[in-house]
Amino acid sequence: MPTLHDDILLAIAGFSKLETISAMMRTSKAVHELLAKHERSIVKNAVESYTGGDSSLLPPRGAICSSHTVEREYLYSKTFDILNELEIRSCRTETLLSQGQPLRLKIDSVFSTPGAFLDLPQVEQDLLIARIKETFRLVDRLGDCAADVMSEWMEPANKTTTRKLDGDESVLEVHNRQLAFIRSLSPLDLAYLFHLLTWAGQAYAAQNPALMADVDCWERLLAFKEATLRHGTIMLWAAFKPPKVTASTDSITGTTRRKPVTELARFAEHNIRLVLEEIRIYQSTEPSQNRLPPGLHMTMSKAFVEKTGRPSTRQAIEMEHTVLSDIRVE
């Protein structure tokens with residue numbers, strides 16, 4: 357039986373999903389050895405396709421965090437695990453922004469609501485959705501800062517001088533790198549990031565009316581946005597795709613409570629509560645005594661103002677204008 361030339365097999369693998377590559381590797385020992393030998397180059401091609409050639413969308417060392425479990429495992433650079441994770445992210449992005457999904461419904465509503473995006477032509481609506489899909493990758497790049505920090509001892513350039521950070525040091529270093537990445541973004545990227553978080557927050561509020569009835573509802577919304585920036589689009593997946601909360605009645609008081617029912621939902625709720633605690637500490641502490649690092653959401657807003665020189669009081673309006681200028685089709 358004739359076989360394909362190695363170059364052709366590698367070319368096919370370079371444009372295939374992991375499921376197809378796995379099937380190819382099961383066809384024969386020779387094909388398995390060939391694809392395993394060229395794993396790094398196959399994954400490199402997939403990464404370039406995912407990023408559109410923009411190397412800043414992945415950490416410098418190439419390692420990222422998994423999102424198929426809440427443990428957020430470290431994925432070594434240029435391995436098929438990376439390919440699998442990028443496929444998961446792309447699939448989830450398409451699902452969350454597909455017609456009828458909560459986040460997409462919220463975005464579509466702005467096209468029929470008085471405001472900057474009212475009555476946009478269909479071509480500009482489609483372009484806006486495409487830009488929001490690209491912004492999902494920015495959010496995940498922020499979450500991957502954790503892998504960037506971990507890579508320094510998981511895949512050290514110099515094993516003799518590398519020191520593993522303890523828990524608190526590691527968290528602070530991840531946060532600092534996230535701050536640096538946000539500050540490196542262009543005003544246009546910051547504007548899209550702002551709008552994605554704004555619409556996601558509004559969709560989250562609509563999906564959780566009981567939670568948003570709490571006295572701390574505005575703080576909870578900010579905490580949801582901040583947690584999304586810190587952990588990536590796994591937070592959006594937790595909020596909008598799986599079951600989030602279910603009603604239960606307290607047998608003593610008769611009051612209705614809502615609680616997480618999935619591991620993913622518990623993961624999201626835990627991260628939101630951690631940010632809420634930080635917000636409460638910030639609110640109850642004198643500015644001179646506050647030792648918390650700047651929030652990512654606040655830094656995003658400040659970076660836009662600093663880069664554009666526009667008044668902070670008009671930040672939201674200026675961001676709308678920035679986005680509209682980008683998608684305008686003459």
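Sequential numbering of the sequence shown, starting at 357, is according to the working numbering. For each residue, glycine too, the CB sits at the ideal point set by N, CA and C.
The alpha-carbon of Glu404 is positioned some 8 Å away from that of Asp410.
Judged by their CB atoms, Val466 and Ala502 are not nearer to each other than the 8 Å cut-off. For the pair Asn627 and Ala556, the Cα-to-Cα distance works out to about 16 Å.
For Gly557, the enclosing alpha helix (DSSP H) has its first and last residue at 543-563. When DSSP states are grouped into helix, strand and coil, Leu461 belongs to the helix group. DSSP places Val387 inside the alpha helix (DSSP H), whose first and last residues are 385-393. The C-beta of Gly651 has 16 or more other C-beta atoms within 10 Å across all chains shown, which makes the residue buried. In the assembly as shown, Phe550 is a buried residue. Its beta-carbon has 16 or more other beta-carbons within 10 Å. By the C-beta density criterion, Trp574 is exposed, having fewer than 16 other C-beta atoms within 10 angstroms. For Leu365, the enclosing alpha helix (DSSP H) covers residues 362-370. Of all alpha-carbon atoms in Ser397, Gly418, Ile590, Gln558, the one lying nearest the alpha-carbon of Phe492 is that of Ile590.
In the DSSP assignment, the residues bridged to Tyr430 are Cys421. Here Glu619 has Val426 as same chain residues with Cβ atoms under 7 Å from its own Cβ, once five neighbours each way along the sequence are excluded. Ser454 carries a coil assignment under DSSP once its states are collapsed to helix, strand and coil. Assigned with DSSP and collapsed to three states, Asn532 falls in helix. Taking Tyr548 as reference, the option from Thr678, Met381, Pro415 with the minimal CA-CA separation is Thr678. Following the DSSP letters along the chain, one finds Gly408 in no alpha helix (DSSP H), marked with neither H nor E. Scanning Ser526, Leu483, Ile488, Lys400 for the CA closest to the CA of Asp504 turns up Ser526. Remark: C-beta atoms of Leu365 and Leu390 approach each other more closely than 8 Å. Counting the other Cβ atoms within 10 Å of the Cβ of Gly499 gives 16 or more, which makes it buried. The residue from Leu632, Glu625, Leu546 with its alpha-carbon nearest to that of Val571 is Leu632. Under the 8 Å Cβ criterion, the region 452-460 does not count as touching the region 367-386, having fewer than three qualifying pairs. Runs of the alpha helix (DSSP H) lying entirely within the region 606-682 and spanning at least 4 residues, in chain order: 619-640, 652-664.
Glu441 sits buried, since 16 or more C-beta atoms from the chains shown fall within 10 Å of its C-beta.
Of the residues assessed, Arg629 falls on the exposed side of the cut-off, its CB having fewer than 16 other CB atoms within 10 angstroms.
Three or more Cβ pairs drawn from the region 653-666 and the region 533-544 lie within less than 8 Å of each other, which places the two stretches in contact. Listed in chain order, the non-local C-beta contacts of Tyr560 below 6 Å within the same chain comprise Phe580, Ala595, local neighbours out to five positions each way being set aside. The DSSP-derived three-state label of Ser397 is helix.
By the neighbour-count criterion, in which a residue is buried when 16 or more other Cβ atoms sit within 10 angstroms of its Cβ, Glu429 is exposed. When the alpha-carbon of Asp682 is set against those of Val479, Asn564, Asn532, the nearest one is in Val479. Taking Arg497 as the centre and dropping the five residues before and after it, the same chain places the C-beta of Leu413 closer than 6 Å to its C-beta, in chain order. Note on geometry: alpha-carbon atoms of Asp363 and Val399 lie some 16 Å from one another.
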